[in-house]
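Each remark here refers to the structure printed beneath this line.
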């Protein structure tokens, strides 16, 4: 796709190019040049905006954007320049990639440390001070950031990108087109210890970690290696920052975990599940495909069919909350007192 | 300030020097030498202590400290050597800095990797194996720890310190006098994906991260880059370890977030707020200036005026808790039964 | 112990060797060769399995394992080949170590950066780009992973292992036989600030971090240095990933913290405690020896004797949960209405 890249990494496209790329229908000047995407109220005449929510129809009239990405219904309500798409939000996602300023990695930095028995395919880029250990295998087009360590016998599939300061232990397998953000640690020991007369005897974690294709792992997230057998993250799973994925967990295709989730050992998450921020699961249970778990909710038993689950108490002014919290501790006796009253009243 | 530094990094001052530095009034021997600060009960005669809480008045008599940092009220209750300050706790903070043993960074280590197009001001120190990428800009007196990576076009203001193994992605801007602790990751992609027929289409995160002056970021904390526009942390904000700050969050001046807080995308925190450990916010809501959020409380809707908010249930012996937890699930029917009873009794 | 190590890092033993190593009694062919451990249903004839739970007796008959590690009771129920141990789970832990595929670290990589005034004992291994700062001391047999930084005056005891990309600040002391996983940060500043007219004045954190022997620290866990005096983790403590241990915390011998726990400043945890995933403690309180804290439970006051404590509400279908959550906010008035009813009924 022809484009102009400026010295600061920004790119420009015409509206016509944009329409082709996002798969939309342009109603407006195809030769108008756009340099980015902005919120409707802030967009300048060389930017586009998108409106995914019909309630925001008023924004159509105030925005100065070169074009607004909207669906047919919204397009019918205005005469302004629009880019009509079945899903404006998805079209925005595609358009955003055109303006991605993430530096393209290229070349092998002279300070990269590559073990002679590692295998590096063509087109691999290695950042400064990256370390590729013995028998590691990097597929074509893999990008490894500065300071990142790829442990022995670990494998990274084609076109996957590991940002700076990532750590892969030994025997970690990553598919193609994955993104691993900085500080993520894949393959550390699962938390397995057997009690031995008041002490803890370490259980060697002899499994690995296996990621499918197109998996995204957030910054400082940890995915432990399996004790027996592997920890498995299937194709298309997206995991946000600071999540803890314990040993032998399995996460099904295209599931999404928001920030600070914690999944205990051997838990299984089905496909197309979503876990909101700070959600968790206790170990050795299973979540069916298509489950949605609310923020900070801990899943404590297996769920066998899709649905939406929540836990917790709402925020309250602290003074009122203190009273409610005390009452919570009295709940069982309160319930018994209700039963007493019902008995007296001859229910 | 004249001082004597010993070989192990410790420093000594006279009580008179200390009084000037913390802005207090000394009642005691100005030439007494002190080598540090300790708790009242543990302080040796060459240390000072502080008593910020009037209830701890008894400690005044038992401590062997060279002087006790106290306010006027406490000073009036003793004949011992004291350093009288309006706020003993603040005076302790200042005094503590005199005894700081943090190694002073200096010089550019020969293994530091600096791109020829990076700009490094005078007095910058770069630790071993640090990496400064293309077009990065480091202001005068900036200290970069070992293994730390500063991404393309990122800028660090004067006298800011990045400890070891920090990662700044591209287009991250840090003000002057900031402190970024090890393992922190600034500028990783926000967690933005659009659903596309059961798959997730990545939304490029084209904004950056902007930190004001005198911001402190804890170890292994993550601050994501914005999707459109920047994630912004204003002057004087302090953030503890392992916090997750999502894309396009804005945190107002001098707010404080304790460890393991999680703030979802586009949430706005006002100035002078405090969030206790593990607190959180859902996305796209706003917290007014001066709000205080209790430990593990999730803010689920905007709060328009200052106040204190809490959530959660108190810890209980597990056996009792199990009963209360079951009753929680019955709360709605319990409430209905109360209404029934009231109706029967003709309320 | 004689063994055969194959080129991919796997090892083989005879059943007789295994029996001696785990301290069990073999009933079966001593010369059978085993190459690993697997779950009963998946074990091949060259693997062993273990059955720790008597309810899984049926697995004894279906497994193809060379031998099943069981206790006497289970052994009495089968004629198959078994390895009889007092604690099958502990025996499994020991056996697992025989098959550990973690690469053995050896040698000092030429890219390791060692300050001339650091002291490195015999048998120390240093990974690529590791950094050992001034006056650091590494005991015999210490293994330091790639990219790991050991700060000034920090000390690591014999045979301890720091994996890749660990950060130790200055004045951190680690005992013998410890394991520190990647991304862990020990010795960052505790979160100490004094309010000063709406700003935060930093309190220098002049203590250190002290770990006893045989301590295990999980990936991306943070343990802050003390403000005055040290943060102390006693012998045999095991800490999982992404835990936050604040300044001046003390954790007693052989206690265990599962993933994402958060312990606030100056909290004291006794010996032999267990904290489940995401548990926490507020600051300045104390947990007696032998306490067990449930998942996500925050300990809000001192506990003086051993016991089990929990908090939180159970997960519910979101629609039902919303009603219960609203009722929680009404709890105090519901309780008052019950009292009213009781009064009317002349209780």
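Chains as they are written, first to last, in the working numbering: chain A, 32 to 378; chain B, 32 to 378; chain C, 32 to 378. Ideal Cβ positions, reconstructed from N, Cα and C, are used throughout, including at glycine. Being a predicted model, the structure only gives us computed values, none of them experimental.
Please confirm whether residue i and residue j have their CB atoms less than 8 Å apart.
i: residue 338(C); j: residue 320(C); result: no
i: residue 176(A); j: residue 308(C); result: no
i: residue 155(B); j: residue 180(B); result: no
i: residue 216(C); j: residue 198(C); result: yes
i: residue 278(C); j: residue 236(C); result: yes
i: residue 189(B); j: residue 170(B); result: yes
i: residue 201(A); j: residue 249(A); result: no
i: residue 49(A); j: residue 65(A); result: yes
i: residue 336(C); j: residue 376(B); result: no
i: residue 69(B); j: residue 100(B); result: no
i: residue 388(C); j: residue 344(C); result: Outside the shown range of chain C (32 to 378) lies residue 388(C), about which nothing can therefore be said.
i: residue 245(C); j: residue 266(C); result: yes
i: residue 182(C); j: residue 218(C); result: yes
i: residue 263(C); j: residue 281(C); result: yes
i: residue 67(C); j: residue 214(A); result: no
i: residue 295(A); j: residue 314(A); result: yes
i: residue 60(C); j: residue 96(C); result: no
i: residue 105(B); j: residue 79(B); result: no
Is it buried or exposed for residue i, if we count other Cβ within 10 angstroms and need 16 for buried?
i: residue 86(B); result: exposed
i: residue 117(B); result: exposed
i: residue 286(A); result: buried
i: residue 366(B); result: buried
i: residue 93(B); result: exposed
i: residue 110(C); result: exposed
i: residue 356(C); result: buried
i: residue 73(B); result: exposed
i: residue 333(B); result: exposed
i: residue 135(A); result: exposed
i: residue 148(B); result: exposed
i: residue 289(C); result: buried
i: residue 256(A); result: buried
i: residue 153(B); result: exposed
i: residue 303(C); result: buried
i: residue 119(B); result: buried
Show which residues of chain B have a CB atom less than 7 Å away from the CB atom of residue i.
i: residue 352(A); result: 341 and 342
i: residue 272(C); result: Those do not exist, as residue 272(C) stays about 10 Å from chain B at its closest Cβ, beyond 7 Å.
i: residue 178(A); result: 162, 178 and 180
If you follow the alpha helix (DSSP H) that residue i is part of, which residue opens it and which one closes it?
i: residue 364(C); result: 362–375
i: residue 104(B); result: 103–106
i: residue 126(B); result: 119–129
Counting contacts by CB-CB distance shorter than 8 Å, is residue i in contact with chain D?
i: residue 48(A); result: Protein chains A, B and C are contained in the structure displayed, whereas chain D is not.
The beta strand (DSSP E) with residue i in it runs from where to where?
i: residue 78(B); result: 78–81
i: residue 316(B); result: No beta strand (DSSP E) holds residue 316(B); DSSP gives it neither H nor E.
i: residue 241(B); result: 240–242
i: residue 205(B); result: 203–205
i: residue 335(C); result: No beta strand (DSSP E) contains residue 335(C), which DSSP labels as neither H nor E.
i: residue 324(B); result: 322–324
i: residue 113(B); result: 113–115
Taking residue i as the query, report the chain B residues whose CB atoms sit under 8 Å from its CB, ordered along the chain.
i: residue 13(C); result: As displayed, chain C neither begins before 32 nor continues past 378, which places residue 13(C) out of reach and without an answer.
Which bits of chain B does residue i rub up against, with CB to CB less than 9 Å?
i: residue 325(C); result: 346, 349 and 352
What does residue i touch in chain C if you count any residue whose Cβ is under 7 Å from its own?
i: residue 316(A); result: Simply none; closest approach about 11 Å.
Name, please, each residue of chain A whose Cβ falls closer than 7 Å to the Cβ of residue i.
i: residue 189(C); result: Near residue 189(C) there are no residues of chain A at all, since even the closest Cβ is about 17 Å away, more than 7 Å.
i: residue 127(C); result: 234, 235 and 237
For a contact defined as C-beta to C-beta under 8 Å, what are the partners of residue i on chain C?
i: residue 130(B); result: 235 and 237
i: residue 144(A); result: 140, 142, 159, 160 and 177
i: residue 369(B); result: 365, 368, 369 and 372
Return the chain-ordered ranges of every alpha helix (DSSP H) run that is complete within the stretch 45–100 of chain C and spans a minimum of 4 residues.
-> 46–53 and 90–93
Tell me the start and end of each unbroken beta strand (DSSP E) in the stretch 214–299 of chain A that is at least 3 residues and wholly inside, in chain order.
-> 224–227, 230–233, 240–242 and 262–264
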